[in-house]
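Going down the list, the protein sequences come from chains X and B. Okay, so the first sequence: first residue is 725 according to this note's numbering, each after it adds one. Okay, so the second sequence: first residue is 841 according to this note's numbering, each after it adds one.
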Amino acid sequence: MTCAIEINNLCFSYNDFSLQNVNLNLHLAEQKALVGLNGSGKTTLFKLILGLLEPKSGSIHIFERKVELENLWEIRKEVGFLFQSPDDQLFAPTVWEDVAFGPRNLGMTINEVEQQVNWSLDIVGMSDFFNRSVNQMSHGQAKRVALAGIIAMRPKILLLDEPFAGLDFPMVSTMVDIIHNLRNEGISVLYTTHNRFFLENWADSIAVLHEGKMIYDGPTEHALEDSSINQQTGNWEELSLRMKRYRGIA
Amino acid sequence: MGTFLLPFIEGRTSHGRFSPTSIFVSSFIVAIILSIQTSLLNLFGLIGMILLVGTLARTRWRDVLSLAARFEFVILFWVILLPFFYGTITLLTIPVPWGQLVAYQEGFDLGLIIGTRIFGIVTLFLAALSHMSLSEFIGALKTLRIPTSVLGSLLIMLRYIPLFLEERNRMQEAQQLRGFQRGKRWEQIKSLGYLIGSIIDRAMDRSVAVYEAMTLRGFGHGMFIVGVGPRRSDLLLFLGLVILIFSLFQQQILEVFLG
Chain X
725 MTCAIEINNL
735 CFSYNDFSLQ
745 NVNLNLHLAE
755 QKALVGLNGS
765 GKTTLFKLIL
775 GLLEPKSGSI
785 HIFERKVELE
795 NLWEIRKEVG
805 FLFQSPDDQL
815 FAPTVWEDVA
825 FGPRNLGMTI
835 NEVEQQVNWS
845 LDIVGMSDFF
855 NRSVNQMSHG
865 QAKRVALAGI
875 IAMRPKILLL
885 DEPFAGLDFP
895 MVSTMVDIIH
905 NLRNEGISVL
915 YTTHNRFFLE
925 NWADSIAVLH
935 EGKMIYDGPT
945 EHALEDSSIN
955 QQTGNWEELS
965 LRMKRYRGIA
Chain B
841 MGTFLLPFIE
851 GRTSHGRFSP
861 TSIFVSSFIV
871 AIILSIQTSL
881 LNLFGLIGMI
891 LLVGTLARTR
901 WRDVLSLAAR
911 FEFVILFWVI
921 LLPFFYGTIT
931 LLTIPVPWGQ
941 LVAYQEGFDL
951 GLIIGTRIFG
961 IVTLFLAALS
971 HMSLSEFIGA
981 LKTLRIPTSV
991 LGSLLIMLRY
1001 IPLFLEERNR
1011 MQEAQQLRGF
1021 QRGKRWEQIK
1031 SLGYLIGSII
1041 DRAMDRSVAV
1051 YEAMTLRGFG
1061 HGMFIVGVGP
1071 RRSDLLLFLG
1081 LVILIFSLFQ
1091 QQILEVFLG
């Protein structure tokens, strides 16, 4: 099977943190969850994939093209990255201008930019907000606009850093639909989450990072049965029991 | 989330009669005229004209004047301090423990003129900006050949200063919720030090994240900021300016052309 992302023996170190011999495969149209405790290296791995950080050794290939300085822009056209906080991403005066930023940089004509922006705002359900200032939106709305800014560039891979963090239920539900529709168009998705619900119900496969090492990369069902992996994803049943005990109902 | 610091119109376009570039250039010309006036009467006349034209153009004076009022310290600085440093005719003598402070008439007059000039120019620019959106303002600067790198930085600055101010407010609230009292001066200074330190630290982190986000979407590969062209109605604006300049400098112009 062709790999959208192929990582081989990747090593990286910064101060006292390091990623050691990380291997990971993301297949075409696959939806993979990247899990791990805080500080396990998930965001660092994303940044390495995008060429924002340089690995010490090992290699990363995006559609068989190696991530290196010479072809970073070509790589970044293929991979869209949604930051955890939309405040880090939105910077233009209006929603329209922000979403148009990527298409303009791709060298599209004015008509194409217009078309792309309208399409992506429509997909995330923010068409009515096109003239709104990016300062005047709720967290959920800002997150949807940030996603529109990414998909307006028509990437083939989406890297989503905690896409559901801080969203209320209706917004989570909308986000799930948006990403599902994108996936139907053949986009591969790699997302991080701490929420077991999104592992059990939404991931085709799971990759688990622990203290800079990839301890698992495989089907979701196997991962959730493995107790050592459960420690990384969280033992929610045990926590649930403990909470009930505190409340005196178990 | 907060809004932009300056009184821009929200949205992409203002749908104004004149192009933002012409509004900006006209304001610049009027600002130059204001800055070379040496008579208070002329200055008040020009400020009156700005207020009149602005009112006809439905300027949001409440927003504009409340922002202009923030410059009161700069204006008062000139009006209050200059009399003590410049002039010969004594206006006022104030006895102090180490002798006496003398304020001079010429310094007071000059301070008043400089203060009025500053007020006029600030009000003028804020009023002009209130008739365009931020995108149009940046587009106008682009048309005036200001480098894209400068415009990019300006755009980010205008976006993020309100965010940092909000962050500062949140941190101050958090301090108060944890029992911080604005009591002793030393405690205030110490708390301000912590606050500024953390805000700078966060600002650095955020600027890195923003730069990364922009790079990932191809910053530097295309033309993000698009210039805005002139409109036919701009001729009216410039005609008005020519009339203003002629009426103010009638004598000098006639002397040059008729000898």
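All C-beta atoms, glycine included, are put in the ideal place defined by N, C-alpha and C. Every value quoted in this text rests on a predicted model; they were computed, and no experiment measured them.
Kindly list, in the order they appear in chain X, the residues whose Cβ is closer than 9 Å to that of residue i.
i: F1059/B; result: F825 and N829
i: A1049/B; result: F807, S809, D811, D812 and Q813
Have a look at the DSSP bridge pairing and note the partners of residue i.
i: R920/X; result: Per DSSP, none; premise fails for R920/X.
i: L750/X; result: I729/X
i: R789/X; result: I786/X
i: P935/B; result: Q940/B
i: S866/B; result: None, per the DSSP bridge assignment.
i: S737/X; result: S742/X
i: T930/B; result: Y944/B
i: L883/X; result: F805/X and L914/X
i: A931/X; result: L758/X and D941/X
i: T818/X; result: S857/X
i: I849/B; result: S973/B
i: S1047/B; result: For S1047/B, which the question treats as bridged, DSSP gives no partner whatsoever.
i: S851/X; result: Bridge partners of S851/X: none, in fact.
i: S781/X; result: C735/X
Using 10 angstroms around the beta-carbon of residue i, count the other beta-carbons present and answer buried if the total reaches 16, otherwise exposed.
i: F921/X; result: exposed
i: Y970/X; result: exposed
i: I1040/B; result: exposed
i: A1014/B; result: exposed
i: Q1091/B; result: exposed
i: Y1034/B; result: exposed
i: F736/X; result: buried
i: N829/X; result: buried
i: D673/X; result: Look at the range of chain X in this structure, 725 to 974, and you will see that residue 673/X is not part of it.
i: E754/X; result: buried
i: F948/B; result: buried
i: D846/X; result: exposed
i: S1047/B; result: exposed
i: V936/B; result: exposed
i: D941/X; result: buried
i: K771/X; result: buried
Taking C-beta to C-beta, are residue i and residue j nearer than 9 Å?
i: F989/X; j: L1017/B; result: Because residue 989/X is not part of the residues shown, which for chain X are 725 to 974, the question remains open.
i: I786/X; j: A728/X; result: yes
i: A931/X; j: M938/X; result: yes
i: L933/X; j: L769/X; result: yes
i: F848/B; j: L969/B; result: yes
i: T916/X; j: L758/X; result: yes
i: L743/X; j: G765/X; result: yes
i: Q840/X; j: M850/X; result: no
i: F959/B; j: F917/B; result: no
i: F741/X; j: G890/X; result: no
i: S808/B; j: F1089/B; result: Past the edges of chain B, shown from 841 to 1099, lies residue 808/B, and the structure says nothing about it.
i: L995/B; j: P810/X; result: no
i: K756/X; j: L965/X; result: no
i: I869/B; j: I1029/B; result: no
i: G826/X; j: M877/X; result: yes
i: R999/B; j: F815/X; result: yes
i: A943/B; j: S859/B; result: no
i: L906/X; j: P887/X; result: no
Pull up the CB-CB distance for residue i and residue j, whole angstroms please, since I reckon it's below 8 Å.
i: V858/X; j: D812/X; result: V858/X to D812/X, Cβ: 12 Å. No contact.
i: S973/B; j: E850/B; result: 7 Å
i: G864/X; j: D901/X; result: Between D901/X and G864/X the Cβ distance is about 14 Å, and since that is not below 8 Å, they are no contact.
i: V904/B; j: L950/B; result: Between L950/B and V904/B the Cβ distance is about 27 Å, and since that is not below 8 Å, they are no contact.
i: Q956/X; j: L761/X; result: 6 Å
i: A908/B; j: V962/B; result: 5 Å
Residue i touches chain B at which residues, Cβ-Cβ below 8 Å?
i: G873/X; result: R1057
i: L776/X; result: E1052, T1055 and L1056
Can you name the residues of chain X whose CB is closer than 8 Å to the CB of residue i?
i: G851/B; result: T818, N855, R856 and S857
i: S973/B; result: P817 and T818
i: R900/B; result: Per Cβ cutoff of 8 Å: no residues; R900/B is ~16 Å from chain X at best.
i: R1046/B; result: D811 and D812
Who are the neighbours of residue i on chain B, taking C-beta pairs under 9 Å?
i: R800/X; result: T1055, L1056, R1057 and G1058
Using a cut-off of 7 Å between C-beta atoms, extract the partners of residue i located in chain X.
i: I996/B; result: F815
i: L1003/B; result: D811
i: R999/B; result: F815
Given that residue i touches chain B, what residues does it touch there, using C-beta distances under 7 Å?
i: M877/X; result: R1057
Show which residues of chain A have a CB atom less than 8 Å away from the CB atom of residue i.
i: E821/X; result: Annotation note: the requested chain A is absent from the structure, which comprises protein chains X and B.
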